[in-house]
Amino acid sequence: MTTLAVPVDASPARIRGRALRTLLHNPAGVVGGVLLLVVVVGGVFAPLLAPYPPAEVHFTTPFQQPATVGFALGTDDLGRDVLSRVLYGTRTSLEVGLLSVLLAVAAGVPLGLAAGYWRRLDALVSRLADLMLAFPFLVLAVGLAAINGGGLGNAAIALGIANIPTMIRVVRAETLRLADSDFVLAARSMDAGPWRILGQHILPNALSAIIVQATVIMPAAVLGEAVLSFLGLGIQPPAPSLGIMLSDAQQYLFRTLWPGVFPGIALALICLGFNLFGDALRDALDPKTVSEGR
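When we follow the numbering used here, the leftmost residue of the sequence shown carries the number 17, and every step to the right adds one.
In structure tokens, the structure reads:
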């Protein structure tokens, strides 16, 4: 009986190792990873790192400049510590972004798998996704937030729903590509059911595309939360939010810039970190890149 030898280089462990080496040798990916590490540490450990509660008011010290004793990044119009509010605002942004990603994945992945595998459902799901994509992302998110009201949970739901159609299209495309693969055809020849094929063969091989898409959704959700809060449809005062800080700071631009500069920098670092790391992750998980050993 003849057996087919599987090349050692094609083993899953070797493939994962090559993908990790590709990611670590990508300068942009390393920079993005470092930025994300700094942002996540600052947000997660905000209660430990912040020198003051984010809503604590110091009426005697408004508009303090950065590097003032006791206020490393200065204070805003109410004397609230900008550093503390940026840390807690970053925490809020990450929470909303993560909840939005989880909602988009929980709804978009099953719908994308169904649309790509069962052609009868494809037309219905694809038309639904196209209908949602007909509205710009922020317009759809603002409309949903206006209907549901403000708050962290409602903002996350609005942004998650707005990101569902893009996740559907990505997973649908991967399902269509994998449905004609040799391993799926072999599973069908062995009378494997559709749920087993989707769960054991298609979904695991589509995970890389799902993960990369999640890194794309995350910065969009963070910016979306800032926009909603800036417009008064997201996080409500006195809860800290980078969007609320920008909204408050615009009234005093001609007096001082710092209360608006630092939350803007925080937003830029969050989005830059996710974009750089997401691009590097996409290259590292690309089958062609991995197979070539780059």
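Virtual Cβ for every residue (Gly too), placed ideally from N, Cα, C.
Worksheet item: What are the uninterrupted segments assigned as alpha helix (DSSP H) that are 4 or more residues long and contained completely in the stretch 49-100, given in chain order?
Response: Taking 4 residues as the minimum length, the alpha helix (DSSP H) runs contained wholly in the stretch 49-100 are 62-65, in order along the chain.
Practice prompt. Could you pull out every residue in the same chain whose Cβ sits closer than 8 Å to the Cβ of L297, ignoring the five residues on either side in sequence?
Written response: L39, G45, I227, V228, T231.
Practice prompt. Could you say if the stretch 180-197 and the stretch 248-267 meet the contact criterion of at least three C-beta pairs nearer than 8 Å?
Written response: Touching, no, given that fewer than three Cβ pairs across the two stretches are closer than 8 Å.
Worksheet item: From A265 to A88, what does the alpha carbon distance come to, in whole angstroms?
Response: Distance between the alpha carbons of A265 and A88: 17 Å.
Fill in: Length-filtered (3 minimum) beta strand (DSSP E) runs lying within the stretch 175-221
Segments of the beta strand (DSSP E) lying fully in the stretch 175-221: there are none.
Worksheet item: Among residues of its own chain, excluding the 5 on either side of P279, which ones have a beta-carbon nearer than 7 Å to its beta-carbon?
Response: Answer for P279: V102, G105, L258, M261, L262, listed in chain order.
Worksheet entry | C-alpha gap between S205 and L114, whole angstroms | Across the structure, S205 and L114 are spaced so that their CA atoms are roughly 40 Å apart.
Worksheet item: From what residue to what residue does the alpha helix (DSSP H) around W274 run?
Response: In the DSSP assignment, W274 falls within the unbroken alpha helix (DSSP H) covering 274-301.
Discussion item. Considering just the uninterrupted stretch of the alpha helix (DSSP H) at R135, what are its terminal residues?
Written reply: Where R135 is concerned, the enclosing alpha helix (DSSP H) starts and stops at 135-149.
Worksheet item: With 8 Å set as the bound, which would you pick, yes or no: does the beta-carbon of D93 sit closer than that to a beta-carbon of chain E?
Response: The question asks about chain E, but that chain is absent: this structure has only one protein chain.
Practice prompt. Inspect the beta-carbon positions of F75 and G49 and report whether they are closer than 8 Å.
Written response: 8 Å or more divides the Cβ of F75 from the Cβ of G49.
Worksheet item: Just to confirm, are L156 and M148 a CB contact at a threshold of 8 Å?
Response: Taking C-beta atoms as the reference points, L156 and M148 count as a pair closer than 8 Å.
Discussion item. What residue range does the alpha helix (DSSP H) around N164 cover?
Written reply: Going by DSSP, N164 is part of the alpha helix (DSSP H) stretching over 153-164.
Worksheet item: If you draw a straight line from the alpha carbon of A171 to that of D198, how long is it in whole angstroms?
Response: Each residue's Cα considered, the two are about 43 Å apart.
Worksheet item: Would L283 pass as a contact of L239 if the rule is Cβ separation under 8 Å?
Response: In contact: L283 and L239 (Cβ atoms closer than 8 Å).
Fill in: DSSP state of V228 mapped onto helix, strand, coil
Helix, per DSSP.
Discussion item. Distance check for P181 and A66, CA to CA, integer angstroms please.
Written reply: One Cα belongs to A66, the other to P181, and the distance between them is close to 38 Å.
Item to complete: Measure the C-alpha to C-alpha separation of P43 and L51 and round it to an integer number of angstroms.
Response: If you draw a straight line from the Cα of P43 to the Cα of L51, it comes to about 12 Å.
Discussion item. Which same chain residues end up closer than 7 Å to N221 when comparing Cβ atoms and leaving out the 5 residues on each side of it in sequence?
Written reply: Same-chain partners within the cutoff: L194.
Fill in: Rounded separation between D92 and E241 - CA only
If I take the Cα positions, the gap works out to 21 Å.
Practice prompt. Have a look at L137, F61, P235 and flag the residue whose alpha-carbon is nearest the alpha-carbon of L285.
Written response: Ranked by Cα distance from L285, the options L137, F61, P235 are led by P235.
Discussion item. With distance defined between alpha-carbon atoms, name the residue in V98, G176, G165 nearest to V117.
Written reply: Minimum Cα-Cα distance from V117 among the listed residues V98, G176, G165 corresponds to G176.
Fill in: N- and C-terminal bounds of the alpha helix (DSSP H) containing S262
According to the sequence provided, residue 262 is Leu. The question's Ser does not apply to it. Element bounds for L262: 258-265.
Discussion item. According to DSSP, is P235 part of a helix, a strand, or is it coil?
Written reply: It is helical.
Worksheet item: Contact check, P70 vs P256 under 8 Å by CB: the rounded distance?
Response: For P70 against P256, the beta-carbon gap comes to about 4 Å, under 8 Å, which counts as contact.
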